[in-house]
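What follows is one structure encoded as structure tokens, with my remarks underneath.
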Amino acid sequence: MTIARTALFSLLAMIPLAGGLIACSPLTAINALSSSSTSRVTPDLAYGPLPRQKLDVYAPKVHSGPVPVVVFFYGGNWVSGERKDYAFVGHALASRGYLAIIADYRLYPEVHYQEILQDAARAVAWAAMEAGRYGGDTTRLFVMGHSAGAYNAAMVALDPSLLARHGMHPQDLRGWIGLAGPYDFLPIENPTTRPVFFFPDTPASSQPVNHVTANAPPALLIAPLPGNDKLVDPQRNTGGLAAALRAQQRPVTEEYLDGVSHTTLVASLASPLRMLAPTLDRVSAFIDQLSRLPAAKESHDTQALQQQTQSPAQAATNTAL
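Residue numbers (this note's numbering): 277 to 597.
Pasting the structure below:
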């Protein structure tokens, strides 16, 4: 066994497969082992006046023109997380030719979920206004997140009131991507999460599944196979939201990947861990397909994307759910 392979297995052992948050040391190790040779980073840009309203921009070093823009929100139960720990996501997306924006946002107990979502929308609005300065094409704007960050992305994409504060609409997004996200989780069982959402008086409007309309942008929803995610039920959350979108005849690609847990799903974006699951390939296929379409055609033609990005085995899994 080579030294590199030994180091890789040691890294995998450090990641708590049933944990809600990758600990700092595994994230540091993932970032240290991830390739950054194709990225140019512009750190510490302010999208608002507050200390946690900061973001980092990851641009591909080589590109022939303006590139798609992806705003990514990390998870952490809305109580923890730092954008620098998810540099591997920025490098991964930039390696596929996208301008990646990794944004911090305020956390509980400083704020509750409404202010967290306001920060998320503000970061997306910043991207729409400023990403062009860093090589991004703001007409091809995507929002993406993992776990709690996928919730943030979902709400920005589905609740028009959030972007409306900035003169935007969810239809300004070319699409959105959720990795192992909680989209329908009432009543709240996690004691850490309860105060973020004013439990037991959590409003139904806090749930992404309740904001699905006929105007929702195209979605890519990826989760571990049911049984492999001990924190967020893929059937209820990913499956339920996908069903709600289909009921509104909205384009949605729904995938369940084997070999990953709630935590390692996002870790599989990192260059040394991509053998775990084709997560980055699925994300890239979604972005590339929608980026090639004129804005007026993106929703009409996304069914073709669903057929291209799902293997027969995955399609069978989706049908079973």
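Beta carbons are placed, not taken as given, at the ideal position from N, Cα and C, and that holds for glycine.
Hey, quick one: how far does the beta strand (DSSP E) through residue i stretch, first residue to last?
| i | result |
| --- | --- |
| F348 | 343-349 |
| I464 | Note, I464: premise wrong, no beta strand (DSSP E); not H, not E. |
| G352 | Taken as a continuous stretch (DSSP letters only), G352 belongs to no beta strand (DSSP E), as it is neither H nor E. |
| V365 | Looking at the DSSP string, V365 is not in any beta strand (DSSP E); the run it does join, the alpha helix (DSSP H), is 363-371. |
| Y532 | 528-533 |
| G454 | 451-455 |
| P319 | 315-322 |
| A499 | 495-500 |
| V333 | 330-336 |
| L375 | 375-379 |
Please list, in chain order, all residues of the same chain as residue i whose beta carbon is under 7 Å from its beta carbon, the five residues on each side excluded.
| i | result |
| --- | --- |
| S560 | R372 |
| A370 | T314, S315, Y334, A335, P336, A376 |
Which residues in the same chain as residue i place their Cβ atom closer than 8 Å to its Cβ, once the five residues preceding and following it in sequence are excluded?
| i | result |
| --- | --- |
| H576 | For H576, the predicted model reports a pLDDT of 41, less than 50, meaning its position is unreliable; a value from the coordinates is still stated below. Correct list: empty, nothing qualifies. |
| R522 | V528 |
| M405 | T414 |
| V488 | L434, L517, A520, L521, A523, Q524, R526 |
Note down, in chain order, each residue of its chain lying with its Cβ closer than 6 Å to the Cβ of residue i, except the 5 sequence neighbours on either side.
| i | result |
| --- | --- |
| Y427 | G457, P458 |
| A553 | L533, G535, V536, S544 |
| L549 | A543 |
| L517 | Y459, V485 |
| P319 | D332 |
| I605 | Because the chain here runs from 277 to 597, residue 605 falls outside it and cannot be looked at. |
| R526 | A492 |
| S311 | S547 |
| G351 | H422, S423, A424, G425 |
| A368 | L545, L556 |
| C300 | Reliability fails at C300, whose pLDDT of 46 lies under 50, so the model's placement of it is uncertain and no value is given. |
Use the C-beta contact count for residue i: other C-beta atoms within 10 angstroms, 16 or more gives buried, fewer gives exposed.
| i | result |
| --- | --- |
| P325 | exposed |
| I298 | With a pLDDT of only 46 at I298, under 50, the local geometry of the prediction cannot be trusted, and no value is derived from it. |
| G341 | exposed |
| Q483 | buried |
| T469 | buried |
| M431 | buried |
| R568 | exposed |
| G515 | buried |
| G503 | exposed |
| P302 | buried |
| D505 | buried |
Do residue i and residue j have their CB atoms nearer than 8 Å?
| i | j | result |
| --- | --- | --- |
| P436 | H445 | yes |
| W354 | I392 | yes |
| S344 | R409 | Looking at the sequence shown, residue 344 is not Ser but Pro. It is not a contact, given that the beta carbons lie outside the stated cut-off. |
| Y374 | V346 | yes |
| D448 | L438 | no |
| V472 | Y384 | yes |
| V419 | A429 | yes |
| L455 | L566 | no |
| Y381 | A401 | no |
| P510 | P494 | no |
Quick one: give me the first and last residue of the alpha helix (DSSP H) that residue i is part of.
| i | result |
| --- | --- |
| A426 | 424-434 |
| T540 | 538-543 |
| T555 | 555-568 |
| A523 | 516-523 |
| W402 | 389-406 |
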